[in-house]
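Colleague: Position in the sequence shown (first residue = 1) + 55 = our numbering.
Glycine included, C-beta positions come from ideal geometry on N, C-alpha and C.
I'd like to ask you about the structure that follows.
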Amino acid sequence: MSIVVVSTGGTIASTEDAGGDASPDLTGEDLVAAVPGLDEIATIETRDFANVPSPHFTVDQMGDLAAFVEDLDADPDVDGIVVTQGTDILEETAYFLDLCYDGIAPVVVTGAMRNPSLPSPDGPMNLATSVRVAADGRARGDVLVAFNERVHAAREVTKTNSMNVDTFRTPEFGPLAVADESRLTWRRESIDPDPAFDVDVDDLTNDVHAVTATADMPPAQVAAAGDAAALCLAATGAGHIPPAIIPALESLRDAGVPLIATTRCPEGRLARETYGFRGSEATLQELDCYYSDLNLQKTRIKAIVALAADALDDAFDAPGN
Ligand code: ASP
Numbered sequence: 056m057s058i059v060v061v062s063t064g065g066t067i068a069s070t071e072d073a074g075g076d077a078s079p080d081l082t083g084e085d086l087v088a089a090v091p092g093l094d095e096i097a098t099i100e101t102r103d104f105a106n107v108p109s110p111h112f113t114v115d116q117m118g119d120l121a122a123f124v125e126d127l128d129a130d131p132d133v134d135g136i137v138v139t140q141g142t143d144i145l146e147e148t149a150y151f152l153d154l155c156y157d158g159i160a161p162v163v164v165t166g167a168m169r170n171p172s173l174p175s176p177d178g179p180m181n182l183a184t185s186v187r188v189a190a191d192g193r194a195r196g197d198v199l200v201a202f203n204e205r206v207h208a209a210r211e212v213t214k215t216n217s218m219n220v221d222t223f224r225t226p227e228f229g230p231l232a233v234a235d236e237s238r239l240t241w242r243r244e245s246i247d248p249d250p251a252f253d254v255d256v257d258d259l260t261n262d263v264h265a266v267t268a269t270a271d272m273p274p275a276q277v278a279a280a281g282d283a284a285a286l287c288l289a290a291t292g293a294g295h296i297p298p299a300i301i302p303a304l305e306s307l308r309d310a311g312v313p314l315i316a317t318t319r320c321p322e323g324r325l326a327r328e329t330y331g332f333r334g335s336e337a338t339l340q341e342l343d344c345y346y347s348d349l350n351l352q353k354t355r356i357k358a359i360v361a362l363a364a365d366a367l368d369d370a371f372d373a374p375g376n
């Protein structure tokens, strides 16, 4: 069993300088060397893709990483791939990979909340769990996130706590598996309704705006997407927006800016036929909004990938059309 660990930076690869400030400086080899017994699970190779804090990641780098992972999968000697990254935007990278990856080897994304200079760093355990998952036949062809002894679908997982090690959760549905000692206990299937998108890195744009609806918000927040490639909007509740932003949304629609709606609630989806007041889900449908069942940051990633693949209609439902 041969697993490749691809390191990209983040807290898992960060150490503190003399002033106590942590930044990424460890290599993949350093990360692997910190986990006793890893070579008893699989033969490990490492690749250093980047060494950055995850908020520095661009969508072009996500595209390059997806191509990098595809290339690794093309090697018949590679059975599984683990990607280490900073946790801040890890859910976005993992979902980007999920949307673009069409390979067989499992891809498991992980990181850490406590860097190796702190007491009780969580990176080594997360790496050990990830290698176990990547070596497990149940994970074939999937993109997963393994963190704090739980395994989540890349599509569903989100970072829920800014500081605590127990940060990655799958709202509403829970993890796919848990890791106890050296055993993985799988409890549900990963159901992935998304097609794999064939994307050229040159076609990716970061010019997709993402706005959360808030009480009495300034319409200028929406109007700012006038020249954007798309606007993703997290509506309140089941798909509701302040009426004051409707004219700005109408202008965007009339100008051909795709509108993609989701809910700002951590759980649940947009309604289709419950309310009819101005600013309700009926208005979203009159605005020709696409419907997303992902959180706002993942909705934006899917919009970016789907735009690059010229496949918005395949990517999202459009109940108003
Ligand atoms: N706090 C972050 C982390 O957990 C920093 C980053 O995302 O790179 O890795």
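Taking buried to mean at least 16 other C-beta atoms within 10 Å of its own C-beta, is I246 buried or exposed?
Modeller: With fewer than 16 other Cβ atoms within 10 Å, it is exposed.
Colleague: In terms of residues, what are the limits of the alpha helix (DSSP H) holding N181?
Modeller: 178-189
Colleague: For ligand 1, I want to know if G75 counts as a neighbour, meaning its beta carbon is within less than 7 Å of at least one of the ligand's heavy atoms.
Modeller: no
Colleague: Per DSSP, K214 forms a beta bridge with which residues?
Modeller: F223
Colleague: Quick check on DSSP: helix, strand or coil for P302?
Modeller: Taken through DSSP and simplified to helix, strand or coil, P302 comes out as helix.
Colleague: Could you tell me whether any non-hydrogen atom of ligand 1 is closer than 7 Å to the CB of P110?
Modeller: The answer is yes for P110.
Colleague: Does the structure place the segment 134-144 close enough to the segment 67-87 that three or more beta carbon pairs sit under 8 Å?
Modeller: yes
Colleague: Taking 7 Å as the cut-off, is the CB of T142 close to at least one heavy atom of ligand 1?
Modeller: yes
Colleague: Give, in chain order, every unbroken run of the alpha helix (DSSP H) that is at least 4 residues long and sits entirely within the segment 288-358.
Modeller: 301-309, 336-341
Colleague: Within its chain, find whatever has a CB closer than 8 Å to the CB of L152; leave out the 5 residues flanking it on each side and keep chain order.
Modeller: M117, L120, A121, V124, V138, V162, V164, V198, A209
Colleague: What's the C-alpha gap between N203 and E211?
Modeller: 16 Å
Colleague: Is the beta carbon of A77 closer than 8 Å to that of N181?
Modeller: Judged by their CB atoms, N181 and A77 are not nearer to each other than the 8 Å cut-off.
Colleague: Look at M168 and V220 and say whether their C-beta atoms are less than 8 Å apart.
Modeller: yes
Colleague: Among the candidates G196, D103, D80, N216, whose CA atom is the shortest distance from the CA of I144?
Modeller: It is N216 whose Cα lies nearest to the Cα of I144.
Colleague: Can you have a look at Q187 and say buried or exposed, based on whether 16 or more other CB atoms are within 10 angstroms of its CB?
Modeller: Per the sequence presented here, residue 187 reads as Arg, with Gln not at that position. So R187 counts as buried.
Colleague: Within its chain, find whatever has a CB closer than 6 Å to the CB of I356; leave out the 5 residues flanking it on each side and keep chain order.
Modeller: E147, Y150, F151
Colleague: Hey, quick one: how far does the beta strand (DSSP E) through G135 stretch, first residue to last?
Modeller: 135-139
Colleague: Taking the Cβ atom as the reference point for each residue, do T291 and T317 lie within a distance shorter than 8 Å?
Modeller: no
Colleague: Decide if S109 is buried, meaning its Cβ has at least 16 other Cβ atoms within 10 Å, or exposed.
Modeller: buried
Colleague: Do the segment 323-331 and the segment 292-301 meet, that is, are 3 or more Cβ pairs less than 8 Å apart?
Modeller: yes
Colleague: Check the DSSP bridge columns for R205 and list the partner residues they point to.
Modeller: Beta-bridge analysis with DSSP links R205 to F202, V233.
Colleague: Under a Cβ-count criterion, where at least 16 other Cβ atoms within 10 Å of its own Cβ denotes burial, should E322 be classed as buried or exposed?
Modeller: exposed
Colleague: Note down the Cα distance separating L362 from L259, rounded to an integer number of angstroms.
Modeller: 8 Å
Colleague: On the premise that S62 lies in contact with V133, defined as a C-beta separation below 8 Å, what is that separation, rounded to the nearest angstrom?
Modeller: 16 Å between Cβ atoms; not a contact.
Colleague: Of all the options D262, L86, C320, which has the alpha carbon lying nearest to the alpha carbon of P176?
Modeller: L86
Colleague: Mind checking which residues open and close the alpha helix (DSSP H) that includes G382?
Modeller: Examination of residue 382 is not possible in this model, given that the chain is present from 56 through 376 alone.
Colleague: I'd like to confirm something about T66: is its beta-carbon nearer than 7 Å to some heavy atom of ligand 1, or not?
Modeller: yes
Colleague: Can you list, in chain order, the residues of its chain with a C-beta nearer than 8 Å to that of L93? Leave out the 5 residues immediately preceding and following it.
Modeller: V87, I99, L182, A183, V186
Colleague: Alpha carbon to alpha carbon, how far is D115 from D257? Give it in angstroms, no decimals.
Modeller: Rounded to the nearest angstrom, the two C-alpha atoms are 8 Å apart.
Colleague: Taking DSSP's pairing of strands, which residues face H264 in a bridge?
Modeller: L286
Colleague: Expressed to the nearest angstrom, what Euclidean distance is found between the alpha-carbon atoms of D235 and I96?
Modeller: So the alpha carbons of these two residues sit roughly 15 Å apart.
Colleague: Which residues in the same chain have their Cβ closer than 7 Å to the Cβ of D262, if we skip the five residues on either side of it in sequence?
Modeller: A283, A284
Colleague: Say yes only if the C-beta of M180 is nearer than 7 Å to one or more non-hydrogen atoms of ligand 1, and no if none qualify.
Modeller: False, no ligand heavy atom lies under 7 Å from that Cβ.
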